[in-house]
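To convert a position in the sequence shown, counted from 1, into my numbering, add 5.
Ideal Cβ positions, reconstructed from N, Cα and C, are used throughout, including at glycine.
What follows is a short report on a single structure.
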Amino acid sequence: RSRRARTQSPQLLGGPPLFSLPVASPRPRSSRAAAAAAMYRIAGSHLRALKSPAATVGLYIDCGSMYETPGSSGASHLLERMSFKSTTNRSHLRLVREVESIGGNVSAIATREQMCYTYDAFRAYVPDMVEVLIDSVRNPTFLDWEVKEQVFHHLKALHSAGYTGALANPLIAPEPAIHKLDSSILKEFIAENYTAPRMVLAASGVEHDVLVSIAEPLLSDLPAVKRPEEPKSVYVGGDYRCQADCQNTHVALAFEVPGGWYEEKTAITVTVLQKLMGGGDWFCTGGVGKGLYSRLSLRILSHYHQIESFSAFNHIYNYSGLFGILATTSPDFASKAVDLAAGELLEVATPGNVTQGQLDRAKQAAKCKVLMDLESRAVACEDIGRQVMTYGERKPIEKFLNDVEAITLNDISSTAKNIISTPLTMASWGDVTNVPTYESVSRKFHSK
Numbered sequence: 006r007s008r009r010a011r012t013q014s015p016q017l018l019g020g021p022p023l024f025s026l027p028v029a030s031p032r033p034r035s036s037r038a039a040a041a042a043a044m045y046r047i048a049g050s051h052l053r054a055l056k057s058p059a060a061t062v063g064l065y066i067d068c069g070s071m072y073e074t075p076g077s078s079g080a081s082h083l084l085e086r087m088s089f090k091s092t093t094n095r096s097h098l099r100l101v102r103e104v105e106s107i108g109g110n111v112s113a114i115a116t117r118e119q120m121c122y123t124y125d126a127f128r129a130y131v132p133d134m135v136e137v138l139i140d141s142v143r144n145p146t147f148l149d150w151e152v153k154e155q156v157f158h159h160l161k162a163l164h165s166a167g168y169t170g171a172l173a174n175p176l177i178a179p180e181p182a183i184h185k186l187d188s189s190i191l192k193e194f195i196a197e198n199y200t201a202p203r204m205v206l207a208a209s210g211v212e213h214d215v216l217v218s219i220a221e222p223l224l225s226d227l228p229a230v231k232r233p234e235e236p237k238s239v240y241v242g243g244d245y246r247c248q249a250d251c252q253n254t255h256v257a258l259a260f261e262v263p264g265g266w267y268e269e270k271t272a273i274t275v276t277v278l279q280k281l282m283g284g285g286d287w288f289c290t291g292g293v294g295k296g297l298y299s300r301l302s303l304r305i306l307s308h309y310h311q312i313e314s315f316s317a318f319n320h321i322y323n324y325s326g327l328f329g330i331l332a333t334t335s336p337d338f339a340s341k342a343v344d345l346a347a348g349e350l351l352e353v354a355t356p357g358n359v360t361q362g363q364l365d366r367a368k369q370a371a372k373c374k375v376l377m378d379l380e381s382r383a384v385a386c387e388d389i390g391r392q393v394m395t396y397g398e399r400k401p402i403e404k405f406l407n408d409v410e411a412i413t414l415n416d417i418s419s420t421a422k423n424i425i426s427t428p429l430t431m432a433s434w435g436d437v438t439n440v441p442t443y444e445s446v447s448r449k450f451h452s453k
């Protein structure tokens, strides 16, 4: 099992046509040589790719809502909304005009574990892309009116029900906390978390040496502070219900994936298990079941018109994860839908209920999904950045394909059995009148 490298200095990674490098920031030119010597370099990442005039550059930071305190709750999501706004060097309008002038596209995503900033444009403009990207991350002004403009409220129920500790922190601040968020809290949050040991600069479609020469003077002054201990999360299970004025009932059953991405075999098996169970919406072009051979499509969606959607899902983090089934149904069918979801989870955990043909199809689906995603420059860039932050290296795609191919029927049933032996997490929204009690559903999995 690979473990994350806990280095105290920024990392430089790369290799044509795809590469990654973790970050430092501007230092006086006289000390650039010393700064470069302190950087931890990782072997370049190479992928076969068609020649393209475009490139993607991404800055990835080991920071998300799990690092928030009660006083900074919601800061990560607000930072996502505040990305590529005004900086100390340019106004928001100027930044937008600069991006538009080269036909670029910028985006930011906040997750519970990581912050991701990306810039996609023609390769000839890589120096401009890197400078704007780093300026936006390192030098935001957080004008009060811009902060207030981006504040809003949203519901994230499943994680708050299933965990205590860091992973239970909502990406979006609860209503009582959102009014406390201001520019000073965002600046303090960045100062504490946007540090060299927790940053990775990655790119696809860019030569490694070119990117290093551009980024080094902009990133060489980030202090190599000691990396803080990762906040703890404990999976406990639980129940969340929200009665809302809605004609449908949305309900999810979930369990823990112990070990998360650091338990690579379990995580990859869960990826295949999700494809095996599959599912989706009741309506699809050509009718239900056309080209859809997953278990939930064939066994549930094709037989119960009361169910609008029924699908397996997984959310995997570094040390933990969630796996389960999400259903949308008419309110009067909610109890039956929960029974069906529980039954399907128990089925795949019982040896002999999954055929070799079903497993082979799920393996192919999992491999095809990853390979198709990696055809995108942005996804390839993100894949490098996230893997380096998690494992300290980028694992070759061939390893993933071989690991998927090695999964057996016993792996599927034993992994599913281990997952559903953890405490149940339930979350429901809409007309929840007919959703069964937590205790009655939990007994289906933990009756002995």
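query: Which residues does DSSP pair with L425 in a beta bridge?
result: Sequence inspection shows Ile at residue 425; the Leu mentioned does not correspond to that position. Answer by DSSP bridge pairing: none, since I425 is not bridged.
- prompt: Rounded C-beta distance between V353 and S452? I'm assuming under 8 Å.
  reply: At roughly 18 Å, the Cβ-Cβ gap does not stay under 8 Å, so V353 and S452 are not in contact.
- prompt: Are the stretch 261-278 and the stretch 317-334 touching, with three or more C-beta to C-beta distances below 8 Å?
  reply: Per the Cβ contact rule, the stretch 261-278 is in contact with the stretch 317-334 (3 or more Cβ pairs under 8 Å).
task: Would you kindly work out how many angstroms separate the C-alpha atoms of L98 and E261, rounded to a whole number?
output: Rounded to whole angstroms, L98 to E261 spans 45 Å at the Cα level.
- prompt: Skipping 5 residues on each side, what residues in its chain have a beta carbon closer than 6 Å to that of I412?
  reply: Within the same chain, and ignoring the five residues on either side of I412 in sequence, the residues whose Cβ sits closer than 6 Å to its Cβ are T274 and V277.
field: DSSP three-state assignment for A371, whether helix, strand or coil
entry: DSSP places A371 in the helix class (H, G or I) of the three-state scheme.
- prompt: Given V28, which residues of its chain have a CB within under 7 Å of its CB, disregarding the five upstream and five downstream residues?
  reply: Low per-residue confidence applies at V28: pLDDT is 38, beneath 50, and the placement is therefore not dependable enough to give any value.
field: Three-way DSSP call (helix, strand, coil) for T420 in this model
entry: It is helical.
field: Cβ-based neighbour list, A371, same chain, cut-off 6 Å, excluding 5 preceding and 5 following
entry: Non-local beta-carbon contacts of A371 in its own chain, meaning distances under 6 Å to residues more than five positions away in sequence, involve T276, V277, K280 and V409 in chain order.
query: Could you give the distance in angstroms between the alpha-carbon of V446 and the alpha-carbon of V343?
result: Each residue's alpha carbon lies about 8 Å from the other.
task: Use the C-beta contact count for D388: other C-beta atoms within 10 angstroms, 16 or more gives buried, fewer gives exposed.
output: So D388 ends up on the buried side.
message: To test your reading of the DSSP string, which unbroken alpha helix (DSSP H) runs of 4 or more residues are found completely within the stretch 84-120?
response: At a cut-off of 4 residues, the continuous stretches assigned as alpha helix (DSSP H) that sit fully inside the stretch 84-120 are 97-106.
- request: Taking all protein chains shown into account, decide if D67 is buried (16 or more other Cβ within 10 angstroms of its Cβ) or exposed.
  value: Classification of D67: buried, given that the 10 Å Cβ count is 16 or more.
task: State yes or no: is the C-beta of N144 within less than 8 Å of the C-beta of E73?
output: In this structure, N144 lies away from E73, with their beta-carbon atoms at least 8 Å apart.
- request: Determine the burial state of Q392: buried for a count of at least 16 other Cβ atoms within 10 Å of its Cβ, exposed for fewer.
  value: Buried.
task: Figure out for me which residue from S70, K422 and V111 has the closest Cα to the Cα of N198.
output: Considering only S70, K422 and V111, the residue with the shortest C-alpha distance to N198 is S70.
message: By the three-class DSSP mapping on this structure, what secondary structure does A38 have?
response: Bear in mind that the predicted position of A38 carries a pLDDT of just 40, short of 50, making it too unreliable to give a figure here.
message: Please report the straight-line C-alpha distance between P263 and E103, rounded to a whole angstrom.
response: Cα to Cα, P263 sits roughly 45 Å from E103.
message: Buried or exposed, going by whether 16 or more other CB atoms sit within 10 Å of the CB of V239?
response: Looking at its Cβ environment, which holds fewer than 16 other Cβ atoms inside 10 Å, V239 is exposed.
- prompt: Since D285 and S314 are thought to touch, with beta carbons under 8 Å apart, how far apart are those beta carbons, to the nearest angstrom?
  reply: According to the sequence as given, residue 285 is Gly; it is not Asp. Yes, G285 and S314 are in contact; Cβ-Cβ is about 7 Å, under 8 Å.
- prompt: If you draw a straight line from the alpha carbon of S88 to that of H310, how long is it in whole angstroms?
  reply: If you take the alpha carbons of S88 and H310, they lie about 43 Å apart.
task: Figure out for me which residue from N253, F405 and S78 has the closest Cα to the Cα of K185.
output: Of the listed residues, the one whose Cα sits closest to K185 is S78.
query: Taking Cβ positions, are S209 and T146 nearer each other than 8 Å?
result: Taking 8 Å as the cut-off, the Cβ atoms of S209 and T146 do not count as close.
message: With H, G and I counted as helix, E and B as strand and the rest as coil, what does DSSP make of S433?
response: Here S433 sits in strand by DSSP.
query: Just reading off the alpha helix (DSSP H) that F405 is part of, what are its end residues?
result: Start and end: I402 to E410.
Rounded straight-line distance, which links the Cα of S325 to that of E235: Distance between the alpha carbons of E235 and S325 is about 13 Å.
query: For D378, which residues of its own chain have a beta-carbon under 7 Å away from its beta-carbon, when the five flanking residues on both sides are left out?
result: Taken in chain order, the residues that qualify are V384.
- request: Compute the Euclidean distance between the alpha carbons of S455 and Q361, then round it to the nearest angstrom.
  value: This structure does not reach residue 455, given that the chain is present from 6 up to 453, and the question cannot be answered.
- prompt: Name the DSSP beta bridge partners of I66, please?
  reply: In DSSP, I66 forms a bridge with M120 and M204.
- prompt: Taking C-alpha atoms, which residue in P58, A59 and C121 lies nearest to R86?
  reply: Measuring C-alpha to C-alpha distances from R86 to each of P58, A59 and C121 identifies C121 as the nearest.
message: So the candidates are K449, Y245, P336 and N323; which of them puts its Cα closest to the Cα of Y396?
response: Minimum Cα-Cα distance from Y396 among the listed residues K449, Y245, P336 and N323 corresponds to N323.
Beta-carbon proximity of N110 to D140, cut-off 8 Å: No; because the gap between Cβ atoms is not below 8 Å, this pair is not in contact.
task: Whole angstroms is fine: what's the gap from P441's alpha carbon to Q252's?
output: Going by the C-alpha atoms only, they are around 18 Å apart.
- request: Identify every residue that forms a DSSP beta bridge with H255.
  value: T333 and W434, per the DSSP bridge assignment.
- prompt: To the nearest whole angstrom, what separates the beta carbons of I190 and A60, a pair I think is in contact under 8 Å?
  reply: With a Cβ gap of about 34 Å, I190 and A60 do not count as contacting.
- prompt: Could you check where the beta strand (DSSP E) with H320 kicks off and where it finishes?
  reply: Note, H320: beta strand (DSSP E), I312 to I321.
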